[in-house]
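Here the protein sequences come in this chain order: A and B.
Note that the working numbering has the first sequence beginning at 1, numbered continuously upward.
Note that the working numbering has the second sequence beginning at 1, numbered continuously upward.
For every residue, glycine included, the Cβ atom is placed at its ideal position computed from N, Cα and C.
There are 2 protein chains.
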Amino acid sequence: MSDALRQFKSEIFQALAHPTRIAIVETLRDGELSAGQLIEKLDLEQANASQHLAILRAKHVVVNRKAGNQVFYSIRDPALIKVLDILRRYFYSQLSSTVSMLEEVAQAGSFKK
Amino acid sequence: MSDALRQFKSEIFQALAHPTRIAIVETLRDGELSAGQLIEKLDLEQANASQHLAILRAKHVVVNRKAGNQVFYSIRDPALIKVLDILRRYFYSQLSSTVSMLEEVAQAGSFKK
DNA sequence: TGTTAATATTCGCTACTTCGAATATACTAT
DNA sequence: ATAGTATATTCGAAGTAGCGAATATTAACA
Numbered sequence: 001m002s003d004a005l006r007q008f009k010s011e012i013f014q015a016l017a018h019p020t021r022i023a024i025v026e027t028l029r030d031g032e033l034s035a036g037q038l039i040e041k042l043d044l045e046q047a048n049a050s051q052h053l054a055i056l057r058a059k060h061v062v063v064n065r066k067a068g069n070q071v072f073y074s075i076r077d078p079a080l081i082k083v084l085d086i087l088r089r090y091f092y093s094q095l096s097s098t099v100s101m102l103e104e105v106a107q108a109g110s111f112k113k
Numbered sequence: 001m002s003d004a005l006r007q008f009k010s011e012i013f014q015a016l017a018h019p020t021r022i023a024i025v026e027t028l029r030d031g032e033l034s035a036g037q038l039i040e041k042l043d044l045e046q047a048n049a050s051q052h053l054a055i056l057r058a059k060h061v062v063v064n065r066k067a068g069n070q071v072f073y074s075i076r077d078p079a080l081i082k083v084l085d086i087l088r089r090y091f092y093s094q095l096s097s098t099v100s101m102l103e104e105v106a107q108a109g110s111f112k113k
C-alpha cells in the first residue's frame, strides 16, 4: 500500500478525531441541517463550529449547499455512518471488558489479608 | 448520544490518524508480528515505532504478548478490521471522485488558448 | 443604500504531537 | 556476573491543532 494512500487515510481519520466533529457527523445522520441549526443543537460557539465544519468540508466528509443566507450541510457518504455504528458497539464491548477487568482487580484486592 | 461515547470515538480516530499507525494496523491485519518484524517490514526507526505502538496500545487498538526477548502485537478486536474494510471502499470512492474532478479541471484548462 | 442576519476567516495564544538522540529496562546466553 | 539483543521511555525542539475574540463576507430586505 502506497504512502500517499496512507497519508490520505490518516487525514480522514484526523478529520474525525475530535468529539465536536463526531457530534456534527452524528447529528447530520438523519439529514441535512444548516450551520445555525447545528450550532443550536450542539450548543457551539459560532466561530468554533465554523472552524470544525471547514475541516470536515476540506476532507470531504460533509458537503454543503447554499440557500440564500444559510448553508446546509450533509454527510457525503453514508458509509461513515456505518463506521460510527460499528464503533458504538465496539465501545460497549470494550467497556464491558474493562469493567470485568476492574472487577477482577477488586476481587483480587479483597483477598489481601 | 453521550459525550463520553463521542470522546471515545474521537480517541480511536486519533489513534489511527497517522500514516505510520495505519501502516502498522494494516500490516497486523493478517496476524501478529513482533515489534522487530514491524520495524523491518515498514522500515521504521526503533524509537519511533515503539512510540506509535505505545499509542495504539493505550487506545487498546492493539494488544501485546511477550515471548522471551520479543513482544508480539496483534489487533485487539476484529471489529476494527471491519471498520478499515468499510473505509477502504470509502477511500477509493472518494479518491475516484477526486480524480474525476481533477480531470474535469484539466479538461477545462485545455480549452484555454 | 444601509442595516441586519448567517456564516466564514484571521489572529494570537496555549496545548498537544511527532521526531531522533540518548538512555533505560528486560530477557538470553555465555 | 557480563555482554548482547529486543523493546520501551524520556527529553527537548519543531511543528500542528484548538480555542474565543475580533473582523470579514455574503445575502436579504427595508
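Whole-number beta carbon distance between residue j and residue i, since they are thought to touch under 8 Å
i: I55 (chain A); j: K9 (chain B); result: That belief does not hold up - the Cβ atoms of I55 (chain A) and K9 (chain B) are roughly 16 Å apart, past 8 Å.
i: L38 (chain B); j: R88 (chain A); result: With 8 Å as the limit, L38 (chain B) and R88 (chain A) do not qualify as a contact, their Cβ atoms being about 29 Å apart.
i: F13 (chain B); j: F13 (chain A); result: 5 Å
Under 7 Å by beta carbon: chain A residues contacting residue i
i: H52 (chain B); result: Simply none; closest approach about 12 Å.
i: R115 (chain B); result: Outside the displayed range of chain B (1 to 113) lies residue 115 (chain B), so it cannot be described from this structure.
Close Cβ partners of residue i (< 6 Å) along its chain, the five nearest in sequence each way excluded
i: R29 (chain A); result: I81
i: R65 (chain B); result: F72
i: H18 (chain B); result: none
Test: residue i CB closer than 8 Å to a CB of chain B
i: K82 (chain A); result: yes
i: A49 (chain A); result: no
i: D43 (chain A); result: no
i: Y187 (chain A); result: This structure cannot speak to residue 187 (chain A), because chain A is shown only from 1 to 113.
i: D3 (chain A); result: yes
i: R6 (chain A); result: yes
i: I24 (chain A); result: no
Amino acids of chain B, ordered along the chain, whose beta-carbon sits closer than 9 Å to that of residue i
i: L33 (chain A); result: The contacting residues do not exist; L33 (chain A) stays about 16 Å from chain B at best.
8 Å Cβ cut-off: residues of chain B touching residue i
i: A58 (chain A); result: Simply none; closest approach about 12 Å.
i: R65 (chain A); result: Under the 8 Å cutoff, chain B gives no residues; its nearest Cβ is about 17 Å from R65 (chain A).
Other residues of its chain near residue i: CB distance less than 8 Å, five sequence neighbours each side excluded
i: M75 (chain B); result: The sequence given here has Ile at residue 75 (chain B), not Met. Excluding sequence neighbours, I75 (chain B) sits near V25, L28, R29, V61, V62, V63 and I81.
i: N48 (chain B); result: T20
i: Q70 (chain A); result: S34, A35 and G36
Beta-bridge partners of residue i, as assigned by DSSP
i: V63 (chain B); result: B:S74
i: S100 (chain B); result: None; S100 (chain B) has no bridge partner.
i: S34 (chain A); result: A:F72
Interface partners of residue i on chain A, CB under 8 Å
i: S100 (chain B); result: In chain order: nothing, as chain A lies at least about 13 Å away.
Test: residue i CB closer than 8 Å to a CB of chain A
i: Q37 (chain B); result: no
i: I93 (chain B); result: Sequence inspection shows Ser at residue 93 (chain B); the Ile mentioned does not correspond to that position. It does; some Cβ of chain A falls within 8 Å.
i: S96 (chain B); result: no
i: Q14 (chain B); result: yes
Within chain B, the residues that residue i reaches when beta carbons sit closer than 7 Å
i: I86 (chain A); result: A79, K82 and V83
Cutoff 7 Å; reference residue i; Cβ partners in own chain excluding five residues on either side
i: K41 (chain A); result: T27
Cβ-heavy atom distance, residue i to the ligand MG, below 7 Å
i: R57 (chain B); result: Only the bare structure without any ligand can be found here, which leaves the ligand MG out of the picture.
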